[in-house]
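All remarks here apply to the structure that follows.
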Amino acid sequence: MGRIWITTRICLNFDMKNGQLLENTGMLDIDEEFVEDFRERSVKQNADSVLDYYDDSEIMYCLEDPYYLILFYCPQGMEIGLNMDEGWATVTYPDYEEF
11 MGRIWITTRI
21 CLNFDMKNGQ
31 LLENTGMLDI
41 DEEFVEDFRE
51 RSVKQNADSV
61 LDYYDDSEIM
71 YCLEDPYYLI
81 LFYCPQGMEI
91 GLNMDEGWAT
101 VTYPDYEEF
């Protein structure tokens, strides 16, 4: 008998002062410049990337959609990425406050 594994990958971020859930899609200003930067950083950090399958407008759409967006704080800054059908890619942004 086979098994079917269903996983859901979501990232939740909370305001630690008041315990409020933060909307990941509202934490960044996503524009064409950000998408270009995201793609460039992904190439440097990840080499091969699932992003190669998508054009900039598709990446922008996905970065604005909570279903695809990966966003969480880490000791190095903020991890920003996409969870796509072909796989996932994240990029570490130590300078995330600029965005």
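Per my numbering, residue 11 is the first one in the sequence shown, and the count goes up by one each step.
Virtual Cβ for every residue (Gly too), placed ideally from N, Cα, C.
For residue i, the first and last residue of its enclosing beta strand (DSSP E)
i      : result
Tyr-78 : From DSSP, Tyr-78 is part of no beta strand (DSSP E); its letter is neither H nor E.
Helix, strand or coil at residue i [DSSP, three-state]
i      : result
Asn-93 : strand
Gly-87 : strand
Asn-23 : strand
Contact under 9 angstroms by Cβ, residue i with residue j
i       : j       : result
Phe-109 : Leu-61  : no
Cys-72  : Met-94  : yes
Glu-96  : Ile-40  : no
Met-70  : Val-101 : no
Option in the options with minimal Cα separation from residue i
i       : options                         : result
Tyr-106 : Ala-99, Tyr-83, Leu-92, Trp-98  : Tyr-83
Leu-22  : Leu-79, Pro-104, Gln-86, Ser-52 : Leu-79
Tyr-64  : Phe-24, Pro-85, Leu-92, Leu-81  : Leu-92
Endpoints, alpha helix (DSSP H) assigned at residue i
i      : result
Glu-59 : Checking the sequence, you will find Ser at residue 59 rather than Glu. Note, Ser-59: premise wrong, no alpha helix (DSSP H); not H, not E.
Fill in: contact_flag[the segment 26-33, the segment 57-71] where n(CB pairs < 8 angstroms) is 3 or more
No contact exists between the segment 26-33 and the segment 57-71.
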